[in-house]
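Note that UniProt numbering has the sequence shown beginning at 1, numbered continuously upward.
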Amino acid sequence: MGTAFVFPGQGSQYEGMGKELYERYEIARRLYDEASEVLGYDLIKACENKRDELDSTIIVQPAILVHSVVCWHVVQSWGEQKPECLAGHSLGELSAVVCAQGLSFSKAVELVKLRATLMSECVDDGGMMVVFGLGEKEIRSVCESVSTETHSVEVANHNTREQWVLSGHRRALVQAAERLEDQHGVTKMLQVSVPAHSKLMQPAREAFEKAVKSSNPAKCQYPIVSCATGEVYQEADVIPNLLSMQLTECVNWPMVMEKLTHQGVQNFIELGPKQVLRDVIRLEFPQVRALSFGGPEDEGLVQRILQGNNQRADETVSKNEMLLLLQACLRVAVGTPLKKAKSTVSFEQTIRAPYRRLVTQLNALREGREEPSLSQLRQAAEQTFRLLRAKGLGKEESLKLFRQALSNRSIELKLPEYFPS
1 MGTAFVFPGQ GSQYEGMGKE LYERYEIARR LYDEASEVLG YDLIKACENK RDELDSTIIV
61 QPAILVHSVV CWHVVQSWGE QKPECLAGHS LGELSAVVCA QGLSFSKAVE LVKLRATLMS
121 ECVDDGGMMV VFGLGEKEIR SVCESVSTET HSVEVANHNT REQWVLSGHR RALVQAAERL
181 EDQHGVTKML QVSVPAHSKL MQPAREAFEK AVKSSNPAKC QYPIVSCATG EVYQEADVIP
241 NLLSMQLTEC VNWPMVMEKL THQGVQNFIE LGPKQVLRDV IRLEFPQVRA LSFGGPEDEG
301 LVQRILQGNN QRADETVSKN EMLLLLQACL RVAVGTPLKK AKSTVSFEQT IRAPYRRLVT
361 QLNALREGRE EPSLSQLRQA AEQTFRLLRA KGLGKEESLK LFRQALSNRS IELKLPEYFP
421 S
């Protein structure tokens with residue numbers, strides 16, 4: 001089974017990120033210290049967020065890149081990994097190029113600092129907004145209808161099949177939100193002032209491309225999938241254009257995933273803070289295995305899988321096993337109280353909708369309309385853990401409740417990414 005490493009973009013940051021890596025791994029200390037010297041400030045201290053440093057794009061972008069590259073080097077220390085491909089979401093593509101040796105680490109730190117600075121300086125009244133519940137055609141039509149020569153909005157990110165992000169002038173975003181909600185879409189303004197992945201970033205794109213060219217990129221050791229075009233590349237001469245192009249073009253993550261899965265990739269390992277891409281992959285592509293490595297707590301399972309010590313002798317799933325899991329999922333979903341308040345829209349999306357999908361899955365299995373499979377097993381587990389998180393339960397509490405409801409070790413062994421040993 002082929003393996004791809006994927007790297008997150010901005011939005012994955014959290015207070016204290018990198019601290020455990022720095023304390024545990026020598027390679028982490030060396031890379032963080034090198035980055036701090038290039039940046040002119042202590043990056044690990046900045047990540048403590050004591051002065052709200054992580055509210056600044058200029059600090060967040062280097063922090064995420066360095067964290068991701070450190071994770072790559074830690075994973076490589078377990079034995080050389082030769083992935084089928086690398087890919088990154090927005091900023092994460094720069095991390096991928098560094099890990100593929102297309103750019104040196106120190107040059108990449110300089111470049112990511114410049115990238116963040118250029119993006120911050122482009123527009124004073126920009127912003128971004130998430131949209132759920134509508135298709136691409138409807139969303140693009142609204143963007144075109146509200147955009148003028150002086151105030152524009154466009155599709156910036158396609159994150160999942162149902163989630164889009166718009167970018168542009170704040171006034172145009174407000175107008176777009178009104179029209180999208182009239183069509184029963186759900187919108188949410190993001191707390192950012194940089195209209196990333198839009199034509200408003202054109203000055204940043206031009207300056208960044210010039211800077212990447214002058215950094216002497218080299219041929220990448222592994223293929224990389226562009227998050228803007230879906231192109232698979234390795235050659236040095238295309239790196240400046242593809243890394244800068246994404247500043248003004250839409251980041252299309254489903255396109256990247258379709259490309260990788262069609263190439264036969266079955267294992268996806270996210271390297272970096274949090275588990276944003278891992279969770280998206282699990283939800284949208286349950287036929288593959290998705291893991292994350294962002295710190296010491298993730299080491300055991302990822303290491304076992306990369307070293308081939310976690311191969312399952314039998315990946316077939318019986319109808320009885322599928323029924324047992326779905327029944328456990330529904331017991332947990334119904335029997336767990338809500339620990340944090342939810343708006344009506346949020347409750348519908350994050351709790352009621354997953355519950356209904358589980359019921360539909362159970363009925364289809366009972367009526368013979370679906371065959372049990374490992375993909376179905378993963379999908380049910382993912383829906384349930386997401387539902388529990390939405391109810392306000394932590395990782396350990398969710399795992400304990402789910403295990404109690406399931407009480408079946410053979411099923412757990414088929415899902416080590418959800419039920420670690």
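In this text, a Cβ means the ideal position worked out from N, Cα and C, and glycines have one as well.
Are the beta-carbon atoms belonging to residue i and residue j less than 7 Å from one another?
i: Phe293; j: Cys71; result: yes
i: Ser68; j: Leu271; result: yes
i: Ala236; j: Lys213; result: no
i: Arg30; j: Tyr22; result: no
i: Ala87; j: Val256; result: yes
i: Val332; j: Leu393; result: no
i: Ala328; j: Ala211; result: no
i: Leu301; j: Asn408; result: no
i: Ile224; j: Ala100; result: yes
i: Leu180; j: Val109; result: no
i: Pro254; j: Glu209; result: no
i: Val38; j: Ser120; result: no
i: Pro217; j: Leu94; result: no
i: Cys122; j: Leu260; result: no
i: Lys199; j: Thr248; result: yes
With a 10 Å radius around its C-beta and 16 neighbouring C-beta atoms as the bar for buried, classify residue i as buried or exposed.
i: Arg312; result: Confidence at Arg312 is low in this model, with a pLDDT of 46, below 50, so the placement of that residue is unreliable and no value is reported for it.
i: Asn363; result: exposed
i: Asn320; result: exposed
i: Ser398; result: buried
i: Gln202; result: exposed
i: Gly127; result: buried
i: Glu154; result: buried
i: Thr74; result: The sequence given here has Val at residue 74, not Thr. It counts as buried.
i: His262; result: exposed
i: Lys339; result: exposed
i: Val194; result: buried
i: Lys45; result: exposed
i: Tyr41; result: exposed
i: Lys137; result: exposed
i: Arg51; result: exposed
i: Glu15; result: exposed
i: Val276; result: buried
i: Gly368; result: exposed
i: Thr135; result: One point to set straight first is that residue 135 is Gly, not Thr, in the sequence displayed. Per the 10 Å Cβ criterion, exposed.
i: Asp298; result: buried
i: His169; result: buried
i: Leu24; result: Checking the sequence shown, residue 24 turns out to be Arg, not Leu. Exposed, by the Cβ-count rule.
i: Ser141; result: exposed
i: Val345; result: exposed
i: Val334; result: exposed
Residues in its own chain within less than 7 Å of residue i by CB, not counting five upstream and five downstream?
i: Gln303; result: Trp78
i: Pro83; result: Thr3, Ala4, Phe5, Tyr222
i: Ala177; result: Met129, Thr187
i: Glu396; result: none
i: Leu43; result: Tyr32, Ala35, Ser36, Pro62, Ala63, Val66
i: Ala172; result: Val146, Ser147, His151, Ser152, Val153
i: residue 423; result: Absent from the model: residue 423. The displayed extent of the chain is 1 to 421, so no value can be given.
i: Val60; result: Gln10, Gln13, Leu54
i: Asn309; result: In this predicted model, Asn309 has a pLDDT of only 46, less than 50, meaning its place in the structure is not dependable; the value taken from the coordinates is given anyway. If we look at Asn309 and ignore the five residues flanking it on each side, it has no Cβ neighbours.
Counting only the same chain and skipping the five closest in sequence on each side, list residues whose C-beta sits under 6 Å from that of residue i.
i: Gly92; result: Phe7, Pro8, Gly9
i: Met189; result: Met129
i: Thr316; result: none
i: Ser226; result: Leu242
i: Phe419; result: Glu412
i: Val265; result: Gly2, Ala4, Glu84
i: Glu370; result: Ala364
i: Ser410; result: none
Excluding the 5 residues preceding and the 5 following residue i in the sequence, name in chain order all residues of the same chain whose CB lies nearer than 8 Å to its CB.
i: Ser90; result: Gly9, Gln10, Asn157, Ala196, His197, Cys227, Gln246, Val251
i: Arg386; result: Asp279, Leu283, Thr350, Pro354
i: Lys391; result: Thr336, Pro337, Leu338, Lys339, Lys340, Ile351
i: Gln307; result: Trp78, Gly79
i: Arg357; result: Gln383
Can you give, in chain order, each stretch of the beta strand (DSSP E) that sits fully within the segment 53-132 and has at least 3 residues?
Entirely contained in the segment 53-132, the beta strand (DSSP E) runs reaching 3 residues are, in chain order, 85-88, 126-132.
Unbroken alpha helix (DSSP H) runs of length 4 or more, entirely within the segment 324-382: which are they? Those alpha helix (DSSP H) runs which fall completely within the segment 324-382 and span 4+ residues are 344-347, 353-366.
Three or more C-beta pairs below 8 Å linking the segment 409-419 and the segment 354-363 = No: the two stretches stay apart, fewer than three of their Cβ pairs being nearer than 8 Å.
Contiguous alpha helix (DSSP H) assignments of at least 4 residues, all confined to the segment 245-301: Whole alpha helix (DSSP H) segments, 4+ residues: 253-262, 276-284.
*Ignoring anything shorter than 4 residues or poking outside the segment 177-242, list the alpha helix (DSSP H) runs there in chain order.*
You should have 202-213.
Task: Ranges of the alpha helix (DSSP H) found wholly within the segment 383-421, counting only runs of at least 4 - done: Whole alpha helix (DSSP H) segments, 4+ residues: 395-406, 409-414.
Contact between the segment 378-394 and the segment 272-291 is defined here as three or more beta-carbon pairs at a separation below 8 Å; is this criterion met? Three or more Cβ pairs closer than 8 Å define a contact, and the segment 378-394 meets that threshold against the segment 272-291.
Query - the segment 164-179 / the segment 110-119 touching (three or more Cβ pairs under 8 Å) - result: The segment 164-179 is not in contact with the segment 110-119.
Could you tell me which uninterrupted beta strand (DSSP E) segments, each at least 3 residues in length, are contained entirely in the segment 128-170, listed from first to last along the chain? 153-160, 163-169, all fully within the segment 128-170.
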